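Novice: Protein chains in written order, with our numbering: chain A, 9 to 259; chain B, 15 to 362. Built from N, CA and C at the ideal position, the CB exists for glycine as well. Owing to the predicted nature of the structure, the values given are computational and were not obtained by experimental measurement. Dumping the structure here so I can ask a few things about it.
Written out as structure tokens, the structure is:
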């Protein structure tokens, strides 16, 4: 399989998971029409959803999930030492994800709520980049496999990739989706990075911001226009806190 | 131009005849706003009953049927030592029923851009030539200001154009031989003296019905004088840089081209995607420099293209006064208010 006369590199890759639901990994194993070539472009040495190989000689590490335990921190540092390229994929790895909500409570209270009288070792939920340097990020809950494919093509053949930096509104308009605000609903589309193809608003759900902020979000005007339409500070704040992508900018 | 009269019942038969052999696009109600007002879009229809010709406006223009938001310009297949290119711009014939005058004027403006002598676009021309257009007059909506930019009357660029008159009838303007032949599929009548008077009266009612007016007088020069106006900062600070204005605009045609390779590296595609001058990376160039790094400059240049740059190139504004951009903007940025602020600024 040559491309423009060049032999592919077929780099060794590991796909590893931390605190998450493994839904993004499942996305990698999905999309059957390109699954063969996708796996063929790589040497999978560690990816428990598609292979029984368990080697540690990988060059690329795709990391799903946030970090929420001390042993996860150690494991992440070992991965950084081994891998030449670290890719955080999914909203949990990029922003902390849904479980970042835990950080709003005391660890003891959160532990009690979930595990009752059998507490577990637990820590604050943090995205990968807060522990180790990350080379590439692919946000989304779950990730868009197309974007993962583009990243892999980039790593394998140095094909340039070009992800949208603008907000979701563009993609809603392009698929004739009626604006959720016209229907009286809250939507984070105007401040959230596009690239997902805006499936949620088209399916009847305003955007929850899983892909985090676009390159130039106008928070002040966004919050003002949401409030003008009757949405309360608390509702906006809750929505923006959901996936952790807007950490630090939530009013 | 030829004129005939057509009973509404005959018009229904005409649409049904077109439906029998063509894909037909028309204004369709797709929902209702919180305040109860209907939401319309130009979408494919399969029966006359789906058409809502009394619509005020649509969320998005019909631009996408001529300039798709995303379009494959060419495909490549890579061999061991060579590659093959395939270009396809043949499309199936299509009809759009119920376009308003402003939207047909918008197509005439796009014709100027994409059908010019140098580098005409075969992709655009193929769609334009293969689209049968039936326009219709309407009483202006609350926020229509097409009359202020000379786009409320249309004299060409369509096949048939309807103006409602008494007796459940239309006056039909015929602007093409295929329009003439298609109209012959049903029963139409020659205009009587009374019909002509009715038509003139109907046009006068429409002209008098505009509630929103924009003072576009001397606007290209005014824009140059107000290049550093605080008005740009005031409105620019509100801009969400979401591109909804350009996406809904019937004449915004800016685009980007990128390449995509299949996962097995055996095929590639050159893809064109419509972009917007309000998006943050619109003027980002190789090396990382961004010519329009802030919202106010991006918004300003959008107005410059609409009301100054396009005038310089084509002797007419690019804006047709449909106000879809103002309608779709969550931050409430709209041409009547922005231009009015500029005019006020100039008088002070």
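Residue range of the beta strand (DSSP E) that residue 100 of chain B falls in?
Specialist: Counting from one through the second chain, the residue named residue 100 of chain B turns up at place 86. Counting along the chain, the beta strand (DSSP E) containing residue 100 of chain B begins and ends at 97-100.
Novice: So what does residue 21 of chain B bridge to, in DSSP terms?
Specialist: In the second chain, the residue the question calls residue 21 of chain B occupies position 7. B/183, per the DSSP bridge assignment.
Novice: At a Cβ cut of 8 Å, what residues of the stretch 186-205 of chain A count as close to chain B, listed as they run along the chain?
Specialist: Answer set for the stretch 186-205 of chain A: 186, 187, 189, 190, 191, 192, 197, 198 and 199.
Novice: Tell me, please, whether the stretch 22-30 of chain B touches the stretch 209-216 of chain A by the rule of three or more beta-carbon pairs shorter than 8 Å.
Specialist: Because the criterion of three Cβ pairs below 8 Å is not met, the stretch 22-30 of chain B and the stretch 209-216 of chain A do not touch.
Novice: Along chain A, in chain order, which residues have C-beta atoms closer than 8 Å to that of residue 309 of chain B?
Specialist: Within the second chain, residue 309 of chain B is the residue found at index 295, counting from 1. Neighbours of residue 309 of chain B on chain A, chain order: 224 and 226.
Novice: If the cut-off is 7 Å on Cβ atoms, which residues from the stretch 143-172 of chain A count as contacting chain B, listed in chain order?
Specialist: Answer set for the stretch 143-172 of chain A: 157, 161, 165, 167 and 170.
Novice: Below 8 Å between beta carbons is the criterion; list the residues of the stretch 249-265 of chain B that meet it against any residue of chain A, in chain order.
Specialist: Per Cβ criterion, the list reads 251, 252, 253, 254, 255, 256, 257, 258, 261 and 262.
Novice: Is there contact here, the stretch 214-225 of chain A with the stretch 141-155 of chain A, by at least three beta-carbon pairs under 8 Å?
Specialist: Contact holds: three or more Cβ-Cβ distances are below 8 Å.
Novice: In the structure shown, what three-state DSSP assignment does residue 30 of chain B receive?
Specialist: Locating residue 30 of chain B in the second chain gives position 16, counting from the first residue. Reduced to three states, the DSSP call for residue 30 of chain B is helix.
Novice: Going by alpha carbons, who is nearest to residue 45 of chain B out of B/112, B/56 and B/36?
Specialist: Within the second chain, residue 45 of chain B is the residue found at index 31, counting from 1. Closest by alpha carbon: B/56.
Novice: Would you give the residue range spanned by the alpha helix (DSSP H) that residue 116 of chain A belongs to?
Specialist: Here residue 116 of chain A corresponds to residue number 108 of the first chain, with the count starting at 1. Taken as a continuous stretch (DSSP letters only), the alpha helix (DSSP H) holding residue 116 of chain A covers 115-123.
Novice: In whole angstroms, what separates the C-alpha of residue 43 of chain B from that of residue 52 of chain B?
Specialist: In the second chain, counting from the first residue as 1, residue 43 of chain B sits at position 29. In the second chain, counting from the first residue as 1, residue 52 of chain B sits at position 38. Residue 43 of chain B and residue 52 of chain B: Cα-Cα distance of roughly 7 Å.
Novice: Would residue 197 of chain A be called buried (16 or more neighbouring beta carbons within 10 Å of its own) or exposed?
Specialist: Residue numbering aside, residue 197 of chain A sits at position 189 when the first chain is read from its first letter. Label assigned to residue 197 of chain A: buried.
Novice: If we count the other Cβ atoms within 10 Å of its Cβ and call it buried at 16 or more, is residue 237 of chain B buried or exposed?
Specialist: For the purposes of this step, residue 237 of chain B is taken as the residue at position 223 of the second chain. The residue in question, residue 237 of chain B, is buried, as its Cβ has 16 or more Cβ neighbours within 10 Å.
Novice: Name, in chain order, the residues that DSSP records as bridge partners for residue 220 of chain B.
Specialist: Here the question's residue 220 of chain B lines up with position 206 in the second chain. None, per the DSSP bridge assignment.
Novice: Drop a sphere of 10 angstroms on the beta-carbon of residue 72 of chain A, count the other beta-carbons inside from all chains shown, and report buried for 16 or more, exposed for fewer.
Specialist: Within the first chain, residue 72 of chain A is the residue found at index 64, counting from 1. Burial call: buried.
Novice: For residue 206 of chain B, which of B/179, B/224 and B/144 has the nearest alpha-carbon?
Specialist: Residue mapping note: residue 206 of chain B aligns to position 192 of the second chain, counting from 1. Nearest option by C-alpha distance: B/179.
Novice: Do the CB positions of residue 69 of chain B and residue 107 of chain B come within less than 8 Å of each other?
Specialist: Counted from its first residue, the second chain places residue 69 of chain B at position 55. Counted from its first residue, the second chain places residue 107 of chain B at position 93. No. Outside cutoff.
Novice: Locate the alpha helix (DSSP H) running through residue 35 of chain A, then write down its first and last residues.
Specialist: Residue mapping note: residue 35 of chain A aligns to position 27 of the first chain, counting from 1. It spans 31-37 - the alpha helix (DSSP H) in which residue 35 of chain A sits, taken as one unbroken run.
Novice: Would you grab the beta carbon distance between residue 70 of chain A and residue 95 of chain A for me? Rounded to a whole angstrom, and I think it's under 8 Å.
Specialist: Numbered from 1 along the first chain, position 62 holds the residue referred to as residue 70 of chain A. Numbered from 1 along the first chain, position 87 holds the residue referred to as residue 95 of chain A. With a Cβ gap of about 5 Å, residue 70 of chain A and residue 95 of chain A count as contacting.
Novice: For residue 178 of chain A, which residues in chain B fall below 8 Å Cβ to Cβ?
Specialist: Here residue 178 of chain A refers to the residue found at position 170 when the first chain is read from its first residue. Under the 8 Å cutoff, chain B gives 256, 257, 258, 261, 290 and 293.
Novice: Shorter than 8 Å from the beta carbon of residue 345 of chain B to some beta carbon of chain A?
Specialist: Here the question's residue 345 of chain B lines up with position 331 in the second chain. Closer than 8 Å to some Cβ of chain A, the Cβ of residue 345 of chain B qualifies, so yes.
Novice: If you compare alpha carbons, which of A/189, A/37 and A/148 is closest to residue 59 of chain A?
Specialist: By one-based count along the first chain, residue 59 of chain A stands at place 51. Cα-wise, what sits closest to residue 59 of chain A is A/37.
Novice: Residue 32 of chain B and residue 58 of chain B: beta carbons closer than 8 Å?
Specialist: Here residue 32 of chain B corresponds to residue number 18 of the second chain, with the count starting at 1. Here residue 58 of chain B corresponds to residue number 44 of the second chain, with the count starting at 1. No. Outside cutoff.
Novice: For residue 73 of chain B, which residues in chain A fall below 7 Å Cβ to Cβ?
Specialist: Locating residue 73 of chain B in the second chain gives position 59, counting from the first residue. 186, listed in chain order.
Novice: What span of residues does the beta strand (DSSP E) with residue 40 of chain B cover, start to end?
Specialist: Taking the second chain and counting its residues from 1, the one referred to as residue 40 of chain B is at position 26. 37-46 is the span of the beta strand (DSSP E), which, as asked, contains residue 40 of chain B.
Novice: Name the chain B residues whose beta carbon is nearer than 9 Å to that of residue 15 of chain A?
Specialist: Position 7 of the first chain, counted from the first residue, corresponds to residue 15 of chain A. Near residue 15 of chain A there are no residues of chain B at all, since even the closest Cβ is about 11 Å away, more than 9 Å.
Novice: Go ahead and label residue 268 of chain B buried or exposed: buried means 16 or more other beta carbons lie within 10 angstroms of its beta carbon, across all protein chains shown.
Specialist: Along the second chain, read from residue 1 onward, the residue named residue 268 of chain B stands at position 254. Residue 268 of chain B comes out exposed.
Novice: Taking Cβ positions only, does residue 80 of chain B come closer than 8 Å to chain A?
Specialist: In the second chain, residue 80 of chain B corresponds to position 66, counting from 1. It does not: the Cβ of residue 80 of chain B has no partner Cβ on chain A nearer than 8 Å.
Novice: Using a beta-carbon distance cut-off of less than 8 Å, what residues from the stretch 48-59 of chain B approach chain A?
Specialist: Per Cβ criterion, the list reads 48, 53, 55 and 57.
Novice: Using alpha carbons as the reference points, say which of A/252, A/256, A/257 and A/258 lies closest to residue 102 of chain A.
Specialist: The residue you call residue 102 of chain A lines up with position 94 of the first chain. Among A/252, A/256, A/257 and A/258, the Cα nearest to that of residue 102 of chain A is on A/252.
Novice: Could you list which residues in chain B have their beta carbon closer than 9 Å to that of residue 42 of chain A, in chain order?
Specialist: Here residue 42 of chain A is taken as the residue at index 34 of the first chain, counted from 1. Residues of chain B passing the Cβ test: 276, 277 and 278.
Novice: Looking at the strands, I want to know which residues DSSP matches up with residue 332 of chain B.
Specialist: One-based indexing of the second chain puts residue 332 of chain B at position 318. Answer by DSSP bridge pairing: none, since residue 332 of chain B is not bridged.
Novice: I need the DSSP call for residue 185 of chain A, collapsed to helix, strand or coil.
Specialist: To locate residue 185 of chain A, count along the first chain from 1; it is residue 177. In this structure, residue 185 of chain A counts as coil in the three-state DSSP scheme.
Novice: Using the beta-carbon count (16 or more within 10 Å), is residue 101 of chain B buried or exposed?
Specialist: Along the second chain, one-based indexing puts residue 101 of chain B at 87. When all chains shown are included, residue 101 of chain B counts as exposed.
Novice: Go to residue 260 of chain B, then tell me how far its alpha helix (DSSP H) extends in each direction, as first and last residue.
Specialist: For the purposes of this step, residue 260 of chain B is taken as residue 246 along the second chain, with counting starting at 1. Per DSSP, residue 260 of chain B belongs to the alpha helix (DSSP H) from 258-262.
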